[in-house]
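Residue numbers (our numbering): 58 to 236.
Where a beta carbon is used, it is the ideal one built from N, C-alpha and C, also for glycine.
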Amino acid sequence: MKSSIIILVTLTLLIACKEEKTSSINKYFDLKTTISNQINILNTKKPSFNKTVWSNNIPETKLIKIEDWSKELELFLQTDLNKPAYLNSYDITQSDSTIVYTLKAKENLPAKSVKIYLQKGAFTGLEATITNENYLYETDKHIKMTLANGVVSYYLIEGTQKLVFGDKKAFKIEAKAQK
């Protein structure tokens, strides 16, 4: 009897381990790894960027060296669609140069659309629309990233935010690598 229980427990553990491995398979383009690699490259190279922030429709541009790219590109990491809850939530349209993920009509997830740009199979950029809504605020964001020579050379974050007791406010951040 004891040996039967031990065998049953062992088989259960083996099956559980095997299921865990299959759940980590990426159905969608692996943006998490791709963006994380870019963060590592940028943290190592420490390139200068001309960063423009619009406040009340007034742009202010500064030449900066960003110290922590993981914070700067955090929003881009949110475009990762390889999460168990997102499985089968997106329609996929693919060509040689793009992969477009569009949220299915009955789904309610933050990333509404994600467009991946490729050149000869290599990642060259992305665009995404992300919305968040709760009882305190709602935000709509459009983000864009472009690579040159395998490294981020441009990114844009723009959108609107509305607090429950406030007006809708627009925001925009744009950064270009200094040549």
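In this structure, how does DSSP classify residue i when only helix, strand and coil are distinguished?
{"i": "P141", "result": "helix"}
{"i": "K236", "result": "coil"}
{"i": "L220", "result": "strand"}
{"i": "Q176", "result": "strand"}
{"i": "I82", "result": "coil"}
{"i": "I96", "result": "helix"}
{"i": "L132", "result": "helix"}
Measuring CB to CB, does residue i end up less than 8 Å from residue j?
{"i": "L120", "j": "N100", "result": "no"}
{"i": "I149", "j": "K169", "result": "no"}
{"i": "Y147", "j": "K161", "result": "yes"}
{"i": "I92", "j": "F133", "result": "yes"}
{"i": "L213", "j": "L193", "result": "no"}
{"i": "T109", "j": "E231", "result": "yes"}
{"i": "Q95", "j": "L130", "result": "yes"}
{"i": "T217", "j": "T203", "result": "no"}
{"i": "P167", "j": "N189", "result": "yes"}
{"i": "W245", "j": "K229", "result": "Because the chain here runs from 58 to 236, residue 245 falls outside it and cannot be looked at."}
Per DSSP, residue i is paired with what?
{"i": "D87", "result": "D87 is not bridged to any residue."}
{"i": "I230", "result": "V110, I214"}
{"i": "P116", "result": "W111"}
{"i": "D148", "result": "T159"}
{"i": "D197", "result": "T188, T217"}
{"i": "T101", "result": "According to DSSP, which records beta bridges pairwise, T101 is partnered with nothing at all."}
{"i": "I121", "result": "F106"}
{"i": "K225", "result": "K219"}
{"i": "L166", "result": "None; L166 has no bridge partner."}
First and last residue of the alpha helix (DSSP H) that includes residue i?
{"i": "F106", "result": "Taken as a continuous stretch (DSSP letters only), F106 belongs to no alpha helix (DSSP H), being part of the beta strand (DSSP E) at 105–112."}
Looking at the unbroken beta strand (DSSP E) that takes in residue i, where does it start and where does it end?
{"i": "E184", "result": "179–190"}
Quick one: measure Cβ to Cβ for residue i and residue j, integer angstroms, because I've assumed they're closer than 8 Å.
{"i": "K84", "j": "L144", "result": "6 Å"}
{"i": "K226", "j": "Y211", "result": "Wrong, their Cβ atoms sit about 24 Å apart, outside the cutoff."}
{"i": "K122", "j": "K103", "result": "5 Å"}
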